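Novice: The structure that follows is given in the form of structure tokens.
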């Protein structure tokens, strides 16, 4: 018996291979590099890997543009135009987030617990903090997650889809639980994310099994062919397709699968929140686009009801609940739910313009999101002795910050304007693209509702800008007084012990809000995001052209 | 035994798992519910694989087992760290994040 080696097109796998290979090496670095130099080495290595992935995407670009796309490893991965655009976007956004993840404040603190395994409030935690330990495992975890995200939009069969989903999710569950401050919230968020995420991927897997039972194949192309020849098992296919969609919509954070979003976004370390809000959404929308456009167009009549309902609910619920939030991270979380709805209008449109509009929207939304969470990470509480504490996430604490820190507040306002879709920011071009694609695709009620929801969303974005620039900074006691009773309620209502309560309510009286000084990586990242938001808002044409030439899926 | 029997059995197991996830309070038990859902799916995959006379479904079942093992590693790490903090693994006690 002779062994026939499979033909593997290594070149087209290179963006994925670079990142996953670097992740594996990065685990070894963790073991062999001395602790003192570990952070520098890991940061340089991870950044080089992500930059390498961007270069690899650029190198493949013209070949794929002329050939229209390549199937790799049988039908497992499809490297076509949208894949490359999405992989480039994910690698770029991950590189920018990495800068914020790596940054340390002037007191040498990064966003992660010195030892994530230590019990919060224990002697060991205090010892680890004084020793200046750092959890540099963050870097390989981020690389593994990014590797999964690079595979996710390129998947050509349901097996790869499931594996990529898990590869991107599992590191994120861990990263969520590693915050330096408010560790109980962080661990709780990790548990909620994990249990709900595992539940959603089990649902999706059951859907995959049903679709496989109907089509007799896992590959997208075969399933698409099978959907056109009705057999006696149509129910299997329909139920299976809905369950697969549910799994993808969970990752996107669409209503009614959004329950995890606010909790996880609030509890996770803020740089990680930015990373997963931007990159996971790009990857999951990429996978959803491919499934909707190439696998189940034959089911469009049956599934339109589902997709329309989800889109409408997502826009309305996200916008309405965001209006009543008092915590900055929760507000941004609900705003990201609303944005998922806006992007879904472009997905539902089901035409070529819809694909390029969604790809462009994902890029500009990702840049603004990472920048916004970067600013949130820098805005801190300071006690009477000038010691910098955790993030000042209560809205009232942001009052008047624009006068004292005009650059940070100005960048934050820019990102909010982009979220709101104000002209001359990239968000406007993105929204215009998806809504006009929806109108062209016959989904004008969705576009109309989207415009109304955007107007509603603009209300709370502008309210924050007004709060930052046009309201007076409260007297020293005011923000603490506003925030403290609420924190106590939470702790007592939770029935937790007094020790836990003090851990949660780490606010002391007389807290002021300040912007913390850092090593500067975060400032660079925020600057890059702001630059992207402005440039793509004022001169979007070149990028739109490039994307529209790369927006055809290989069937 | 016809195809239907296997489908119904897998459906019942999956529903028991899903109900466990939604109704039980102990994080470990909830997690066991997820595992039951995954294994019900494996039964379904192997059944369909036999029905279609090819191995794709069985291969996917192996992948599911590996992924489930990886999920256990991550999940138990998170649940244990919460248990060490609070001396409780109940999902009801974990309610500092309000909505």
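Chains as they are written, first to last, in this note's numbering: chain A, 1 to 555; chain B, 1 to 99. Glycine is no exception: its CB is placed at the ideal position from the N, C-alpha and C atoms. Quick caveat: nothing in here was measured; it's all calculated off a predicted structure.
1. Can you confirm whether residue 76 of chain A, when its beta carbon is compared against all beta carbons of chain B, has any partner nearer than 8 Å?
2. What three-state label does DSSP hand residue 578 of chain A in the structure shown?
3. Specify the secondary structure class of residue 26 of chain A as computed by DSSP and reduced to three states.
4. What are the residues in the region 278–309 of chain A lying within 8 Å of chain B by C-beta distance?
5. Quick check: is the beta carbon of residue 507 of chain A nearer than 8 Å to any beta carbon in chain B?
6. Nearest chain A C-beta to residue 5 of chain B closer than 8 Å, yes or no?
7. Leaving out five residues on either side along the sequence, give the residues of the same chain with a beta carbon under 6 Å from the beta carbon of residue 110 of chain A.
8. So, does the region 62–82 of chain A touch the region 20–30 of chain A, judging by three or more C-beta pairs under 8 Å?
9. Secondary structure at residue 118 of chain A, three-state DSSP: helix, strand or coil?
10. Across which residues does DSSP place residue 71 of chain A in a beta bridge pair?
11. Should the region 149–160 of chain A be regarded as contacting the region 215–223 of chain A, the criterion being three or more beta carbon pairs within less than 8 Å?
12. Please report the residue range of the beta strand (DSSP E) in which residue 388 of chain A lies.
13. State the Cα-Cα distance for the pair residue 169 of chain A and residue 97 of chain A, rounded to the nearest angstrom.
14. Excluding the five sequence neighbours on either side, which residues of its own chain have a C-beta within less than 6 Å of the C-beta of residue 534 of chain A, listed in chain order?
15. Based on DSSP bridge pairs, tell me the residues matched to residue 515 of chain A.
16. Helix, strand or coil for residue 304 of chain A per DSSP?
17. Grab the span of the alpha helix (DSSP H) containing residue 600 of chain A for me, first residue to last.
18. Could you name the residues of the region 104–126 of chain A whose beta carbon sits closer than 7 Å to any beta carbon of chain B, in the order they occur along the chain?
19. Measuring only between beta-carbons, confirm whether residue 48 of chain B sits less than 8 Å from chain A.
20. Could you tell me the distance, in whole angstroms, from the CA atom of residue 95 of chain A to the CA atom of residue 32 of chain B?
21. Pull up the CB-CB distance for residue 209 of chain A and residue 44 of chain B, whole angstroms please, since I reckon it's below 8 Å.
22. Determine, for residue 67 of chain A, whether the minimum Cβ-Cβ distance to residues of chain B falls below 8 Å.
23. Going by other Cβ atoms of all chains shown within 10 Å of its Cβ, with 16 needed for buried, is residue 12 of chain B buried or exposed?
24. Is it right to say residue 42 of chain A is buried, meaning 16 or more other beta carbons lie within 10 angstroms of its own, or is it exposed?
25. Sort A/517, A/193, A/166 and A/343 by Cα distance to residue 379 of chain A and report the nearest one.
26. For the region 59–89 of chain B, which residues have a CB atom closer than 8 Å to at least one CB atom of chain A, in sequence order?
27. The region 512–538 of chain A: which residues have C-beta closer than 9 Å to a C-beta of chain B, in chain order?
28. In chain B, what lies closer than 8 Å to residue 206 of chain A by C-beta?
29. So which of A/449, A/372 and A/397 has the shortest CA-CA distance to residue 381 of chain A?
30. For the region 215–227 of chain A, list every residue whose C-beta sits within 8 Å of some C-beta in chain B, in sequence order.
31. Indicate whether residue 84 of chain B and residue 119 of chain A have their beta-carbon atoms separated by less than 8 Å.
32. Check whether the Cβ atoms of residue 266 of chain A and residue 395 of chain A lie closer than 8 Å to each other.
33. Report the option in A/356, A/242, A/326 and A/353 whose CA atom is closest to the CA atom of residue 300 of chain A.
34. Would the beta-carbon of residue 343 of chain A fall within 8 Å of that of residue 285 of chain A?
35. Using a cut-off of 8 Å between C-beta atoms, extract the partners of residue 19 of chain B located in chain A.
36. Mind checking if residue 1 of chain A is an interface residue toward chain B, Cβ cutoff 8 Å exclusive?
Specialist: In this structure, then:
1. Interface residue (Cβ-Cβ distance to chain B less than 8 Å): residue 76 of chain A is not classified as such.
2. Since the first residue shown for chain A is 1 and the last is 555, residue 578 of chain A is missing from the structure and cannot be characterised.
3. Here residue 26 of chain A sits in helix by DSSP.
4. Of all residues in the region 278–309 of chain A, none comes within less than 8 Å of chain B when Cβ atoms are compared.
5. Per-residue confidence for residue 507 of chain A stands at a pLDDT of 46, beneath the threshold of 50, marking its modelled position as unreliable; the derived number appears in the next sentence. No Cβ of chain B is located within less than 8 Å of the beta carbon of residue 507 of chain A.
6. Chain A contact via Cβ: absent.
7. Only residues of its own chain outside the window of five on either side were considered, and among them 104 have a CB closer than 6 Å to the CB of residue 110 of chain A, listed in chain order.
8. No, the region 62–82 of chain A does not touch the region 20–30 of chain A.
9. DSSP places residue 118 of chain A in coil when its eight states are reduced to three.
10. The partner list for residue 71 of chain A (beta bridge, DSSP) reads A/78.
11. Cβ pair count under 8 Å is three or more, so yes.
12. Element bounds for residue 388 of chain A: 388–391.
13. Approximately 17 Å, taken between the alpha carbons.
14. Cβ neighbours of residue 534 of chain A beyond the five flanking positions: none.
15. Residue 515 of chain A is bridged to A/379.
16. Residue 304 of chain A sits in a helix when the DSSP states are folded into three classes.
17. The structure shown does not extend to residue 600 of chain A, since chain A spans only 1 to 555, so no value can be given for it.
18. The residues in question are 117, 119 and 120.
19. Output row for residue 48 of chain B: interface = yes.
20. If you draw a straight line from the Cα of residue 95 of chain A to the Cα of residue 32 of chain B, it is about 37 Å long.
21. Going by Cβ atoms, the distance from residue 209 of chain A to residue 44 of chain B rounds to 4 Å, so yes, they are a contact pair.
22. Taking Cβ atoms only, chain B never reaches closer than 8 Å to residue 67 of chain A, which makes this a no.
23. Exposed, since its Cβ has fewer than 16 Cβ neighbours within 10 Å.
24. Buried, since its Cβ has 16 or more Cβ neighbours within 10 Å.
25. Among A/517, A/193, A/166 and A/343, the Cα nearest to that of residue 379 of chain A is on A/517.
26. Within the region 59–89 of chain B, the residues whose Cβ lies closer than 8 Å to some Cβ of chain A are 59, 60, 63, 64, 67, 70, 71, 74, 75, 77, 78, 79, 81, 82, 84, 85 and 86, listed in chain order.
27. Going along the region 512–538 of chain A in chain order, one finds no residue with a Cβ nearer than 9 Å to chain B.
28. Those within 8 Å of residue 206 of chain A in chain B are 14, 37, 40, 41 and 44.
29. It is A/397.
30. Along the region 215–227 of chain A, going in chain order, the ones with a CB nearer than 8 Å to a CB of chain B are 216, 217 and 218.
31. The answer is yes: Cβ separation under 8 Å.
32. At least 8 Å separates the beta-carbon of residue 266 of chain A from that of residue 395 of chain A.
33. When only C-alpha atoms are compared, the closest one is A/242.
34. Less than 8 Å divides the Cβ of residue 343 of chain A from the Cβ of residue 285 of chain A.
35. Neighbours of residue 19 of chain B in chain A, taken as residues at a C-beta separation under 8 Å, are lacking, since the least C-beta distance is about 12 Å.
36. Answer no: the Cβ-Cβ gap between residue 1 of chain A and chain B never drops below 8 Å.
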